[in-house]
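**Student:**
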Amino acid sequence: MELVQATKRAIGKATRDAFGEALRELGHRYPNLVVIDGDVNNSTRTEWFAKEFPDRFINVGIAESNLVGIAGGLAGCGKIPVIASFACFMMCNAFDQLRMSVAFPHLNVKVCGSHSGISIGEDGPSQMGIEDVALAMALPGFTVLVPADEVETREVVKAALEHQGPVYIRTGRPPVPIVYTDGCDFQIGRANRLRDGNDVTLIANGLMVAAALDAADLLARGGIQARVLDMASVRPLDEEAVVAAAQETRGIVVAEEHLRWGGLGSAVAMAAAEHAPCRMRFVALEGYAESGKPEELLEKYGLTARHIAQAAREVLA
Amino acid sequence: MATNLSSSDLTTLRETARRLRRYIIEMTTAAGSGHPSSSLSAIDIMTALYFGGILRYDPQRPDWPDRDRFILSKGHAAPALYAVLAEAGYFPVEQLMTLRRIGSPLEGHPNMRRLPGVEASTGSLGQGLSIGIGHAFAGRMDGRTYRVYVMLGDGECDEGQVWEAAMCARHYRLGNLTAIVDHNKAQQSGLVKDVMNHMPLAEKWRVFGWHVQEIDGHDMRQILDALAVARGVTDGPSVIVAHTIKGKGVSFVEADWTFHGRALSPEQAKRALEELGWS
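Those sequence lines, one after another, are chains C and D.
Under our numbering, read the first sequence as residues 1 to 317, first letter to last.
Under our numbering, read the second sequence as residues 318 to 596, first letter to last.
1) Using alpha carbons as the reference points, say which of C:Ile-188, C:Ala-273, C:Pro-125 lies closest to Tyr-288 of chain C.
2) How would you call His-307 of chain C, buried or exposed, if buried means at least 16 neighbouring beta carbons within 10 angstroms?
3) I'd like to know whether the C-beta atoms of Ile-448 of chain D and Cys-485 of chain D end up nearer to each other than 7 Å.
4) Hey, quick one: how far does the beta strand (DSSP E) through Asp-533 of chain D stretch, first residue to last?
5) So, does the CB of Asp-96 of chain C fall closer than 7 Å to a CB anywhere in chain D?
6) If you drop the 5 nearest sequence neighbours on each side, which residues of the same chain put their C-beta closer than 6 Å to that of Tyr-340 of chain D?
7) Would you decide whether Pro-31 of chain C is buried or exposed? Buried here means 16 or more other CB atoms lie within 10 Å of its CB.
8) Which ranges does the beta strand (DSSP E) cover as unbroken runs of at least 3 residues, wholly within the segment 35 to 105 of chain C, from first to last along the chain?
9) Using a cut-off of 9 Å between C-beta atoms, extract the partners of Ile-360 of chain D located in chain C.
10) Could you tell me whether any Cβ in chain C is nearer than 7 Å to the Cβ of Ala-455 of chain D?
11) For His-555 of chain D versus Thr-495 of chain D, is the C-beta spacing smaller than 7 Å?
12) So the beta strand (DSSP E) Phe-387 of chain D belongs to, where does it begin and stop?
13) Does the beta-carbon of Gly-549 of chain D have 16 or more other beta-carbons within 10 angstroms, so that it is buried, or is it exposed?
14) Go to Ala-309 of chain C, then tell me how far its alpha helix (DSSP H) extends in each direction, as first and last residue.
15) For Trp-527 of chain D, count neighbouring Cβ atoms within 10 angstroms of its own Cβ and tell me buried if that reaches 16, exposed if not.
16) Any heavy atom of the ligand NAP closer than 6 Å to the Cβ of Val-68 of chain C?
17) For Met-318 of chain D, decide whether its Cβ has a neighbour in chain C, counting only Cβ atoms nearer than 7 Å.
18) Under 8 Å Cβ-Cβ, which residues of chain C neighbour Leu-474 of chain D?
19) Which residues of chain D have a Cβ atom closer than 7 Å to the Cβ of Pro-105 of chain C, listed in chain order?
20) Which bits of chain D does Asp-80 of chain C rub up against, with CB to CB less than 8 Å?
21) Starting from His-560 of chain D, follow the beta strand (DSSP E) in both directions and report where the run begins and ends.
22) So, at 7 Å on beta carbons, what are the nonlocal neighbours of Val-60 of chain C in its own chain, with the 5 sequence-adjacent residues on each side left out?
23) Taking Cβ positions, are Val-176 of chain C and Leu-139 of chain C nearer each other than 7 Å?
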């Protein structure tokens, strides 16, 4: 598979691969863990859990609504269902089931949407989940997590299983740069500061974290010191980190591989508006993309380090 | 397979159902809204389940892992569910009169987080059978012997998710799952045959591979016999298509499908209770 973008960082595994590995590993620790997939188990990587624990895996066929309802029933019996499909099918097709059979009764279901964003590439817009975070944010009580790389994904899956209550985990298809070369201390509701700086703050999640770090390198060449926050936890949001960024730097750029409405940008903007209004820019998608190579799409639709750096300069202008 | 209930047991059950019909009418009229007619079509079956020796449950332990499950997928028949739960002792009968009032756990549609004995929060139609499949899978995985009963409406069978679930339950041969369709022939805006004609309904379940029984859903003997037969079906899911009458027991409600989602006025309620022998 093509690398998602030019970077000097080492390319690691896809976050979906790390999710699948973590699930298989955690299956030993959690005897109540049950995995359900909608016949994309070889894409979401739940097939690795399925091979190890065939008695705790259910393939319901291409039927996301039924999938989510079953998860609600299993959770009602004390199981910890982890359910997976493409982000678009899981969140868009089964939204009412997530609302009614999971969120409203606040059941302990972990939802994974893989193939998020436009970096899935050639399969095109029908398979691209670009609304999924906004939909997850519209489900009261849901924790919403968007890990940056394979290392953080493993920690995110662990944290999701330890957490009591519904969680949405967003994973991606292509291999992505490794951000956490020295391990990752992930906590729900806490941002990780990956780079210090007091001129401007770059807040990102998913594969845009690596792009934000690259953008900080670009900005440093021009004498601008950018703080970089990995905001994998979209909800609960680390509001303190946002307020500190708003007060200690001259503005915030939020970058995400998602629509600009309802995702990380909206969450950060709400926190800033309430507690510490500041200059902001949003690097995100405006609409549906097209088929193409992942790196071509990220370039064409404005999701590269260069775009983030340009937005930062606008904040500082 | 016949049940071993005596004729006096059946008389007691019919008397219980007559009392629960009264509760349904009284609580919905007091609330000024609700779905009395959808509750009246379902109440004989629910009476048989809870008081005819079918369901294994303990109101003192609503979370007892080995309890049988009853999931009311047609959540708008909540008054019927509340009536049987109160009668069974999950909460005081007096609480029924708080139906739909602010602060009351007896919400317009069932909320599992607020009322003991409610197995699933329902009201968005089409979801209960999938939830029941989840309970059935959990029972199988844990080696428990409980059975899962899900009641659906016939209008609810318009929902595609019902048929996703029907395929799934058969594919995995969930022999601990029984669906009951309250086939009252009417839905919100008209008769099922006019709104979305999915007759013959029993035939559809049959071709989906389910064990199918068709009964008169107001004949207590037929209901109990069918539930006994269903309990003996363990190699796959079974469904009871229960032919019922929306508003059963109250002549002017039976004759008028527009009572869906409408409570009886105090005067109508008085007439209805007289018809049921409560005066």
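Here a beta-carbon is modelled for each residue, glycine too, at the ideal position from N, C-alpha and C.
**Tutor:** Per the coordinate set shown:
1) The sequence position of residue 288 of chain C within the first sequence is 288, counting from 1. Here the closest residue by C-alpha is C:Pro-125.
2) The residue labelled residue 307 of chain C in the question sits at position 307 within the first sequence. Buried, since its Cβ has 16 or more Cβ neighbours within 10 Å.
3) Here residue 448 of chain D refers to the residue found at position 131 when the second sequence is read from its first residue. Here residue 485 of chain D refers to the residue found at position 168 when the second sequence is read from its first residue. Their beta carbons are not under 7 Å apart, which means Ile-448 of chain D does not touch Cys-485 of chain D by this criterion.
4) Here residue 533 of chain D refers to the residue found at position 216 when the second sequence is read from its first residue. Residues 528 to 533.
5) Taking the first residue of the first sequence as 1, we reach residue 96 of chain C at position 96. Cβ-Cβ to chain D under 7 Å: yes for Asp-96 of chain C.
6) Residue 340 of chain D sits at position 23 when you count from the first residue of the second sequence. Closer than 6 Å at Cβ, skipping near neighbours: Ala-400, Leu-413.
7) Here residue 31 of chain C corresponds to residue number 31 of the first sequence, with the count starting at 1. Answer is exposed; the Cβ neighbour count stays below 16.
8) 57 to 59, 80 to 86
9) Taking the second sequence and counting its residues from 1, the one referred to as residue 360 of chain D is at position 43. Result: empty, since nearest Cβ-Cβ is about 24 Å, beyond 9 Å.
10) For the purposes of this step, residue 455 of chain D is taken as residue 138 along the second sequence, with counting starting at 1. It does: the Cβ of Ala-455 of chain D has a partner Cβ on chain C nearer than 7 Å.
11) Residue 555 of chain D sits at position 238 when you count from the first residue of the second sequence. Residue 495 of chain D sits at position 178 when you count from the first residue of the second sequence. The displayed chain sequence assigns Ser, not His, to residue 555 of chain D. In contact: Ser-555 of chain D and Thr-495 of chain D (Cβ atoms closer than 7 Å).
12) In the second sequence, residue 387 of chain D corresponds to position 70, counting from 1. Unbroken beta strand (DSSP E) run through Phe-387 of chain D: 386 to 389.
13) The residue labelled residue 549 of chain D in the question sits at position 232 within the second sequence. Flag for Gly-549 of chain D reads exposed.
14) The residue you call residue 309 of chain C lines up with position 309 of the first sequence. Element bounds for Ala-309 of chain C: 305 to 316.
15) Your numbering for residue 527 of chain D matches position 210 in the second sequence. Burial call: buried.
16) Ligands are entirely absent from the displayed structure, and the ligand NAP is therefore not among its contents.
17) In the second sequence, counting from the first residue as 1, residue 318 of chain D sits at position 1. Unreliable positioning characterises Met-318 of chain D in this predicted model, as indicated by a pLDDT of 44, which lies under 50. The coordinate reading is nonetheless provided below. So no, Met-318 of chain D is outside the interface.
18) As a position in the second sequence, residue 474 of chain D is number 157, starting the count at 1. A small correction: the amino acid at residue 474 of chain D is Cys; Leu does not occupy that position in the sequence shown. The premise fails here: Cys-474 of chain D is roughly 14 Å from chain C at the closest Cβ pair, so nothing lies under 8 Å.
19) To locate residue 105 of chain C, count along the first sequence from 1; it is residue 105. Under the 7 Å cutoff, chain D gives Met-429, Arg-430, Ser-438.
20) The count along the first sequence starts at 1 and reaches residue 80 of chain C at position 80. Here residue 80 of chain C is Ile; the residue named in the question, Asp, does not match the sequence. Neighbours of Ile-80 of chain C on chain D: none; closest Cβ ~11 Å, over 8 Å.
21) Locating residue 560 of chain D in the second sequence gives position 243, counting from the first residue. Here the beta strand (DSSP E) through His-560 of chain D covers 555 to 560.
22) Within the first sequence, the letter at position 60 stands for residue 60 of chain C. Only Ile-36, Gly-38, Asn-66, Leu-67, Ile-70 meet the Cβ criterion.
23) On the first sequence, residue 176 of chain C is found 176 positions in, with the first residue counted as 1. On the first sequence, residue 139 of chain C is found 139 positions in, with the first residue counted as 1. Taking 7 Å as the Cβ cut-off, Val-176 of chain C and Leu-139 of chain C do not qualify as a contacting pair.
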